[in-house]
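Written below as structure tokens is the structure these notes are about.
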Ligand SMILES: Nc1ncnc2c1ncn2[C@@H]1O[C@H](COP(=O)(O)OP(=O)(O)OP(=O)(O)O)[C@@H](O)[C@H]1O
Ligand SMILES: Nc1ncnc2c1ncn2[C@@H]1O[C@H](COP(=O)(O)OP(=O)(O)OP(=O)(O)O)[C@@H](O)[C@H]1O
Ligand SMILES: [Mg+2]
Ligand SMILES: [Mg+2]
């Protein structure tokens, strides 16, 4: 502490801390409480496992998206790229002629590589020619979708290795194994973002790229790396999708990008970059997953469910904004 | 006073001006030349009219989106709102019991009002609680879609007044009447943005909101107004849709938001706000429309068409970025 | 799968009439089969030039309108169309008819009222979705017996074939005396069906049967059934290759093949007849076939 | 009657009371100077007066009437015009549009471009900016922007003009011009609140002075009769013996930096210069004489069109700042907000940004090491904050400047290029920064100090390179230091045919 000006320490620091960290957690808690009261079976262990399984893919995509958004980018292509990864990896598994024990790791590798490669293209084009990632990844959305369709000729890939699909339904310490994978990814991402030099540079670059560049860092590299990480996460999500549903089709994943972005933004990230956290993203994905699951259980009609989903998204961010300002005032 | 501050005398100002204004025009011209050479019937007057009709809706949406993007916002809800406007206005036309001569203007009014109202909600929530418009309009995307479906019970409205559908196929001085409407809108928007005080304030707000506020303007008002204008354009587009297709369905418009945003961004606007022009937007919409039409005519397979569309979008913005830097260097 | 017109003679390539086949999203396996069948058939006939296209996705109505407009511009002699929407395509179809282009409607029937209002009459070549769904559902009803508890997974709300299949399932429910516990859309999608059905099964652990409006959704539901080792049977629609193993294993008791590959070919045949001057109207029903464990082969 | 009466004005921020019951009275026709250390609350006062911030307590009266502005618009309506400490311009808009943004001349809602250009040209002439009114602001250097900012405040009617460090980036010429304008305004009865850390300016232009310390009112006095020493004592609460630290004789060590025929753009003249170890080299010049551009090119922030940069005899090949940093260069930019600070990260993270390897191992950050390093630097630089984890955004302008300086001190490179290092820094802290720079030179580092504050350069440099019209017009050794001589060189490029 460098008290040249004696700072008047104000109370309520702790309260602000908790409220600030909790982020969207308050809205999530309210939602859970509501469903516990009104949605039958919501609190059953079966349903909790369902929710975990259901949020897995979006969580993984959203974790990757967090990296992209933190450096001020956006990736609209994830919904198409997950399809591309899935059909190529799925074909690799079913047609490679390798034994399952080899075919699955091989397919995982391929999936992650394809995801990372599309991420690299997105990032590289964005950085090399200084064009908005919004439009580059919009282009990639079309390219990857077309490529996925071209690759399989629209056919759905099935008879995936049983080892993989067993993993999709396996549990680990009572939790769905796929969910455990997602949590591991969240943990790694949290560690990278909050504890490493790379993570620090990601935040700093998203905040003021020029300042970071003038401090001797290659910001383009950092940004491209974030796109690559985002793409690799899509590759992982593609594998999880296949494990979970046992099929891969070139039309899968439509609209996933908006869900992933929504999770990140609901989690408190700024689309301008530099602000956000992977914990917030996880909470955002939970909120969306709980909402969809709870409304399904309540038997709300499809149209009303659509409306309520929209309304809850809006109310959640408004509440969060309110809370954030409140916590600033308290501190 | 002697020149203590020495202003740079710039050469090549004119060249830069032309290149700068042409914007994406170069890419568009290249594309047209390509299709003239390789797509049969591309240059026929019938096909030119087809293109005009086909780009009308996206142009109108994109003009509205230009306002929103210029103040640094984004509107993801246009695809759903157009459906909501259409079904409500369509119902008003068919069920109001008014004579056509009254029912149609009445429905237009309703459509524009609903569009403007959703725009107002988007803008108001965004500004009042300082939340990202991305997430607010994403919420609205769901709310409006659900509301549209709820309103008609998913039914498609068809027996619209023949007067309206005749207008949809009418020509005016050899041009499709609906296209003329779009061009009028472009002209008005161009005038507002480049000649009026309001237009200057829009650019200024997108540029540096704080500075505009310090100059004594209510930037929130300006921003909300832009959302309202964007919404009103959606209302107009809904009427054009009904005139053109003779139906109004609650599922229409899916993905329109991305097309509209793409047109604006390809047209040179910055998603951070403050940069863009309605002429650029028009060129962007033309590029997308010409691309889709030409590929249709060439009989390119769907999957390849999807891929090519994506690739052209990327190449177009890269070329534009290249050209822009070139023109800066020339200046 | 398209032969391009090198010969600029309007609508006639090498003396052969040009026929446009306009599909919904070819990314859907079913329409892909339909197109493949059409291409093969045209090769066999060898008396026309086929130009086939499809939209980017199933709800891309104005994309399909633009495709039809391009066909008119190209002065095709006939258009065979699987409409993305039974009403929204009527206006442009009428435009084609007025341009003296023969139009044959396949897959989903254009809305009669809308056709009437537009003042055109277009023959429909296609399956009876409602009857097909009824047949598929009946297998399940027979298996479960009266009082069997079932749910329906619906297709896109408002989509014509979705409505008809739902109606057909409802017919089967009524005829078989089943108890319908829930009926919800999963928008034709595997992932969504998986989630929706998981919740259904949580809320109603006593579900005995699922009536899925297409195989993709059935696949999502079967995953839940397998995961929870529930004794639930599925009746479905489409007969895509991926469900074969499930029919064999007995989880899926029935699905319905509507011979998509034949439908477009039939449509083309009718179109050629009309070009030759014959008048074709009304509904030319195409073959559908109930697929069960007994006839799926191995 | 006083134009402005403020009593008991209080403003609290999280953890800090920026203003604590401050009274202020400004009379018509006077220049009322507000001074105080960095973080004393001056800008906060300005923000309250202009309506951007609402005070927590206290009253304001304008011409005897209660004055409670809720927004900047209210302030403007009441005739209060402000030049804020940080630039608030719209880079994509033209100079003319920026000048009249608050009230664009219009006819039926349509911008009257002719009228706009005309008024803009007049205003620009008044502040001595020879620019086309249509020039986009993003093309201007920071000093030109500052002049635009000033011109903006002069457009339209005003009762009370507030200027928060308007001259921080200006050279004496522009400052003189500004003072002429201020005198003309005060002669017409306009009241001026003037904030600056340049004490000599205060004596030149001020009528009365109010001193703030830690958000509290210390004293209000007539300036006539005050001495610099008294003023400094009011500000910092202790005596400062000298304005500049004593310059010790130093060995000129090996050559650290050699720049040969560097051309910033193909059209600019080639530049050559050297800096040796233990040497403080000043870079003087008028506004827009090309100093910043030259420094950026040396550092690789912009790609030079031609030329060589060598550090310790080894050429720096790459044109990226990374190569420069690795070769041992540091660069403190003049625009701290756009190019220096990462506003949403804590002080510690900002300070470690150029020396991350020192606070990390195997790519893992050590927060404790980072905090320790930052705390040490913050103490050295006397950063007024609530601790090194406080976000930089909430710091006062001068303290933000210290944070960026801290980053380069932490990087500990052989050669520091500092562009306007004391911009916006209070006298006490300025002395310390000068001391710090000299300590670095003592430790064998080379320094290239760009400053528009000529006395500062004369006070601490061993040698001054003078820029004029993008070229090096000459060099002056310490033995020959003389303000007039430097200024003559600075003007030489602009006075064609006139011998210096
Ligand atoms: N938005 C804010 N949030 C929290 N603290 C703030 C904020 N703005 C200013 N402060 C604090 O208020 C105090 C006064 O700041 P102010 O900007 O008024 O100082 P100043 O006198 O203008 O200093 P300088 O000479 O450096 O510009 C400082 O301690 C600063 O950290
Ligand atoms: N972004 C830019 N685009 C075009 N010209 C610029 C730009 N930035 C600066 N200039 C011009 O470059 C010249 C040199 O400016 P520079 O900032 O290097 O001057 P300086 O001597 O550092 O002065 P100061 O920092 O006081 O403004 C000026 O004529 C200025 O107008
Ligand atoms: Mg200040
Ligand atoms: Mg400078």
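Protein chains in written order, with our numbering: chain A, 1 to 331; chain B, 1 to 331; chain C, 1 to 298; chain D, 1 to 500.
Each residue gets a CB set at the ideal place from its N, CA and C atoms; glycine is no exception.
Chain C contact residues for residue i, given Cβ-Cβ distances below 7 Å
i: residue 95 (chain A); result: Those do not exist, as residue 95 (chain A) stays about 14 Å from chain C at its closest Cβ, beyond 7 Å.
i: residue 46 (chain B); result: 73
Euclidean distance between Cα positions of residue i and residue j
i: residue 41 (chain C); j: residue 114 (chain C); result: 31 Å
i: residue 142 (chain A); j: residue 183 (chain A); result: 30 Å
i: residue 256 (chain B); j: residue 58 (chain B); result: 7 Å
i: residue 238 (chain D); j: residue 431 (chain D); result: 13 Å
i: residue 366 (chain D); j: residue 356 (chain D); result: 10 Å
i: residue 304 (chain D); j: residue 321 (chain B); result: 22 Å
i: residue 154 (chain B); j: residue 148 (chain B); result: 8 Å
i: residue 21 (chain A); j: residue 270 (chain A); result: With a pLDDT of only 49 at residue 21 (chain A), under 50, the local geometry of the prediction cannot be trusted, and the value read off the model is given with reservation. The alpha-carbon atoms of residue 21 (chain A) and residue 270 (chain A) are separated by roughly 15 Å.
i: residue 98 (chain B); j: residue 92 (chain B); result: 9 Å
C-beta atoms of residue i and residue j nearer than 8 Å
i: residue 424 (chain D); j: residue 390 (chain D); result: no
i: residue 137 (chain B); j: residue 159 (chain B); result: no
i: residue 374 (chain D); j: residue 351 (chain D); result: yes
i: residue 49 (chain C); j: residue 84 (chain C); result: no
i: residue 50 (chain B); j: residue 261 (chain C); result: no
i: residue 11 (chain D); j: residue 53 (chain D); result: yes
i: residue 54 (chain B); j: residue 289 (chain B); result: yes
i: residue 137 (chain D); j: residue 148 (chain D); result: yes
Run of the beta strand (DSSP E) containing residue i, from where it starts to where it stops
i: residue 283 (chain C); result: 283-285
i: residue 366 (chain C); result: As shown, chain C starts at 1 and ends at 298. That puts residue 366 (chain C) outside it, with no answer to give.
i: residue 23 (chain C); result: 16-23
i: residue 195 (chain A); result: Segment 177-195 is the alpha helix (DSSP H) holding residue 195 (chain A); no beta strand (DSSP E) there.
i: residue 310 (chain D); result: 306-311
i: residue 245 (chain A); result: Element bounds for residue 245 (chain A): not the beta strand (DSSP E) but the alpha helix (DSSP H), 219-245.
Beta-carbon neighbours of residue i, restricted to chain A and to distances below 7 Å
i: residue 131 (chain B); result: 317, 318, 321
i: residue 339 (chain D); result: 210, 211, 214
i: residue 333 (chain D); result: 214
Partner residues on chain B for residue i, Cβ-Cβ distance less than 9 Å
i: residue 424 (chain D); result: None at all; the shortest Cβ gap to chain B is about 19 Å.
i: residue 84 (chain D); result: 214
i: residue 309 (chain A); result: 139, 142, 143, 146
i: residue 138 (chain C); result: Simply none; closest approach about 26 Å.
Delimiting residues of the alpha helix (DSSP H) encompassing residue i
i: residue 165 (chain D); result: Here residue 165 (chain D) belongs to no alpha helix (DSSP H), and DSSP marks it neither H nor E.
i: residue 172 (chain D); result: 172-187
i: residue 47 (chain A); result: 45-70
i: residue 194 (chain D); result: Per DSSP, residue 194 (chain D) belongs to no alpha helix (DSSP H); it is in the beta strand (DSSP E), 191-195.
Neighbouring residues, chain B, relative to residue i (Cβ below 8 Å)
i: residue 156 (chain C); result: 251
i: residue 313 (chain A); result: 135, 138, 139, 142
Interface partners of residue i on chain D, CB under 8 Å
i: residue 197 (chain B); result: 104, 106, 109, 110, 111
i: residue 204 (chain B); result: 90, 93, 97, 101
Proximal chain D residues relative to residue i, where beta-carbon distance stays under 9 Å
i: residue 79 (chain A); result: Within chain D, no residue comes near residue 79 (chain A); the closest Cβ sits about 30 Å away, beyond 9 Å.
Listed by chain order, chain A residues near residue i by CB distance under 8 Å
i: residue 306 (chain B); result: 142, 143, 145, 146, 149
- Item | Closer than 5 Å to ligand 1: residues, by C-beta to nearest heavy atom, in chain order | Every residue passing the under-5 Å Cβ criterion appears here: D:13, D:16, D:18, D:38, D:39, D:40, D:41, D:42, D:43, D:44, D:394, D:395, D:396, D:397, D:398.
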